[in-house]
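S.K.: Residue 1 is where the sequence shown starts when you use full-length UniProt numbering, and the numbers rise one by one after that.
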Amino acid sequence: MPESELARTPSEISVASSEESVTPRIGRTTPLPLTTRPSCYSSSSSCDIEISGTNFSEEEELIVKLKSSQIHEQEEALVSLRKMTRTLEETRVRLCTPRLLSVLKSLISSRYSSLQVNAVAALVNLSLEKQNKVKIVRSGIIPPLIDVLRGGFPESRDHAAGALFSLSLDDQNKTAIGVLGALPPLLHALRSDSERTRHDSALALYHLSLVQSNRVKMIKLGVVQILLGMVKSGHMLGRVMLVLCNLAASGEGRAAMLDGGAVECFISFLNQGEFESEATRESCVAALYGLSYGGLRFKGLAKEAGAEEALMKLEEKGSENAKKKVRRILEVLREKHEEDEDINWEELLNSDDDLSRTQGQAGGRTGSSSC
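1) Over the uninterrupted alpha helix (DSSP H) stretch that includes Ala-302, give me the two end residues.
2) Would you identify the three-state DSSP class for Gly-162, choosing helix, strand or coil?
3) Judging by CA-CA distance, which residue of Arg-94, Ala-302, Asn-173 is the nearest neighbour of Arg-334?
4) Looking only at C-alpha atoms, which of Val-137, Arg-150, Ala-322, Leu-270 sits nearest to Asp-171?
5) What are the uninterrupted segments assigned as alpha helix (DSSP H) that are 4 or more residues long and contained completely in the stretch 163 to 238, given in chain order?
6) So what does DSSP say about Glu-60, is it helix, strand or coil?
7) Measure from the alpha carbon of His-207 to the alpha carbon of each residue in Leu-186, Gly-152, Ser-192, Lys-220, then state which is nearest.
8) Can you give me the C-alpha to C-alpha distance between Ser-69 and Glu-75, rounded to a whole angstrom?
9) Can you tell me which of Gly-273, Gly-222, Met-230, Arg-281 puts its alpha carbon nearest to the alpha carbon of Gly-253?
10) Have a look at Ser-113 and Leu-104 and give me their C-alpha separation to the nearest angstrom.
11) Just curious, the alpha helix (DSSP H) that Lys-336 is in, first and last residue?
12) Mind checking His-72: buried by the 16 CB within 10 Å criterion, or exposed?
13) Nearest CA to the CA of Ala-161: which residue from Leu-88, Leu-190, Val-263?
14) Can you tell me where the alpha helix (DSSP H) holding Phe-266 begins and where it ends?
15) Would the beta-carbon of Met-230 fall within 7 Å of that of Val-243?
16) Taking all protein chains shown into account, decide if Ser-233 is buried (16 or more other Cβ within 10 angstroms of its Cβ) or exposed.
17) Rounded to whole angstroms, what's the CA-CA distance from Asn-132 to Leu-167? Just pull it up for me.
18) Give the secondary structure of Ser-319 by DSSP, where H, G and I count as helix, E and B as strand, and everything else as coil.
19) Once the 5 residues before and after Val-332 are set aside, which same chain residues still bring their CB inside 6 Å of it?
20) Among Lys-135, Phe-153, Glu-308, Glu-315, which residue has its Cα nearest to the Cα of Ser-194?
21) Within this structure, are the beta carbons of Leu-118 and Val-79 separated by less than 7 Å?
22) Pull up the distance between the alpha-carbon of Ala-310 and that of Glu-282, whole angstroms please.
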């Protein structure tokens with residue numbers, strides 16, 4: 001298996017269906033931002049086959065069968081394509097041609113479950129190679145993928161979320177995926193009954209939220225309340241915190257999170273002291289760090305939530321980077337300004353005028369930084 005652009009993670013592999021869908025289980029201790037393989041992908045299965053490569057005639061034969069009017073021939077070709085692209089990176093690169101992608105795009109919209117499932121799964125395999133990612137998005141395949149995520153067959157939705165996550169890893173694709181309308185169905189997929197769909201959708205949102213234009217769209221879609229609700233319920237904390245970190249790094253995100261009760265939510269979470277991983281706790285600190293650039297608005301909310309006491313317990317815990325963030329937040333809370341003595345914090349917290357003024361003060365820390 002080749003090294004990806006970020007990192008590879010070990011997987012526990014299990015066969016999930018008769019369609020040879022396979023699922024890796026990502027351990028809780030794995031650094032989430034480094035995950036680069038969709039949940040629906042695995043390098044092997046219970047019925048692996050040995051394929052040495054492809055040539056032009058094999059590609060042509062695949063395309064002919066994929067275009068066949070016989071469903072069983074199309075299914076046979078898709079299963080073959082899926083097997084060929086499961087482990088061999090050279091095959092993935094060679095078969096990711098405009099002609100094959102064009103045929104695959106039409107099959108992704110098939111009303112037959114076996115065709116749709118295998119078509120989207122094959123696309124996931126092709127998308128694993130870095131040099132294929134932009135080519136796939138430019139082929140026009142995102143709209144049918146979005147349709148599948150919205151209303152495809154259950155297993156197809158798993159693969160569609162995985163494909164969008166995989167394609168979102170490339171910086172050149174992030175804006176396009178957002179513009180093409182992937183954000184609403186990805187947000188909706190966070191409530192999916194399928195764990196795979198939920199996890200890959202969250203990771204897709206994490207990577208897409210590295211781009212400012214996508215952050216603005218997500219905020220308008222009400223992402224803050226959705227994600228804070230998930231934090232309070234304890235669902236997918238690690239992944240959700242990563243997205244909130246990205247949102248807190250922008251002025252619009254900070255304003256929405258401060259209005260939405262993020263400070264109180266995060267402090268309550270830290271006070272509980274029960275984290276699924278050290279990375280989750282540090283992501284929470286990083287999100288608070290982003291919010292700390294919210295000026296007097298943040299300071300008032302943090303004081304009201306008892307942030308100083310909660311953060312003092314963390315001052316010497318975690319990585320050096322996390323400790324620096326904690327110390328920075330405490331400095332903000334302890335700063336004395338001439339006007340502090342006369343501030344009515346309750347009035348400030350309920351004042352739209354003060355909120356607008358504070359957003360202007362917060363403009364110094366924007367951009368696509370993340371935790």
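Glycine residues also receive a C-beta, built at the ideal position from the N, C-alpha and C atoms.
M.R.: Concretely, from the data shown:
1) In the sequence shown, counting from the first residue as 1, residue 302 sits at position 302. Residues 295 to 305.
2) Within the sequence shown, numbered from 1, the residue matching residue 162 stands at position 162. It is helical.
3) Position 334 of the sequence shown, counted from the first residue, corresponds to residue 334. Of the residues Arg-94, Ala-302, Asn-173, the one whose Cα lies closest to the Cα of Arg-334 is Ala-302.
4) For this step, residue 171 is matched to residue 171 along the sequence shown. That would be Val-137, whose Cα lies nearest to the Cα of Asp-171.
5) 171 to 179, 183 to 189, 195 to 208, 212 to 220, 223 to 233
6) Indexing the sequence shown from 1 puts residue 60 at position 60. Shown here, Glu-60 sits in a helix according to DSSP, grouped into three states.
7) Position 207 of the sequence shown holds residue 207. The shortest Cα separation from His-207 among Leu-186, Gly-152, Ser-192, Lys-220 belongs to Leu-186.
8) Position 69 of the sequence shown holds residue 69. Position 75 of the sequence shown holds residue 75. Going by the C-alpha atoms only, they are around 11 Å apart.
9) Start at 1 with the first residue of the sequence shown, and residue 253 comes out as number 253. Among Gly-273, Gly-222, Met-230, Arg-281, the Cα nearest to that of Gly-253 is on Gly-222.
10) Looking up residue 113 in the sequence shown gives position 113. Looking up residue 104 in the sequence shown gives position 104. Ser-113 and Leu-104: Cα-Cα distance of roughly 14 Å.
11) By 1-based counting over the sequence shown, the position of residue 336 is 336. Note, Lys-336: premise wrong, no alpha helix (DSSP H); not H, not E.
12) Within the sequence shown, residue 72 is the residue found at index 72, counting from 1. The residue is exposed, with fewer than 16 neighbouring Cβ atoms inside 10 Å.
13) Taking the sequence shown and counting its residues from 1, one reaches residue 161 at position 161. Residue Leu-190 is the option with its Cα nearest to Ala-161.
14) As a first step, residue 266 is located in the sequence shown; it is residue number 266 there, counting from the start. 262 to 272 is the span of the alpha helix (DSSP H), which, as asked, contains Phe-266.
15) Here residue 230 refers to the residue found at position 230 when the sequence shown is read from its first residue. Here residue 243 refers to the residue found at position 243 when the sequence shown is read from its first residue. Cβ atoms of Met-230 and Val-243: not closer than 7 Å.
16) By one-based count along the sequence shown, residue 233 stands at place 233. It is exposed - the Cβ of Ser-233 has fewer than 16 other Cβ atoms within 10 Å.
17) As a position in the sequence shown, residue 132 is number 132, starting the count at 1. As a position in the sequence shown, residue 167 is number 167, starting the count at 1. Computed Cα separation, rounded: 9 Å.
18) Numbered from its first residue, the sequence shown carries residue 319 at position 319. The answer is coil: DSSP assigns Ser-319 none of H, G, I, E or B.
19) Counting from 1 along the sequence shown, the entry for residue 332 is found at position 332. Hits under 6 Å: Ser-292.
20) Here residue 194 is taken as the residue at index 194 of the sequence shown, counted from 1. Sorting Lys-135, Phe-153, Glu-308, Glu-315 by C-alpha distance to the C-alpha of Ser-194 places Phe-153 at the top.
21) Position 118 of the sequence shown, counted from the first residue, corresponds to residue 118. Position 79 of the sequence shown, counted from the first residue, corresponds to residue 79. Note that residue 118 is Asn in the sequence shown here, rather than Leu. Contact flag set, yes.
22) Within the sequence shown, residue 310 is the residue found at index 310, counting from 1. Within the sequence shown, residue 282 is the residue found at index 282, counting from 1. Roughly 14 Å between the two C-alpha positions.
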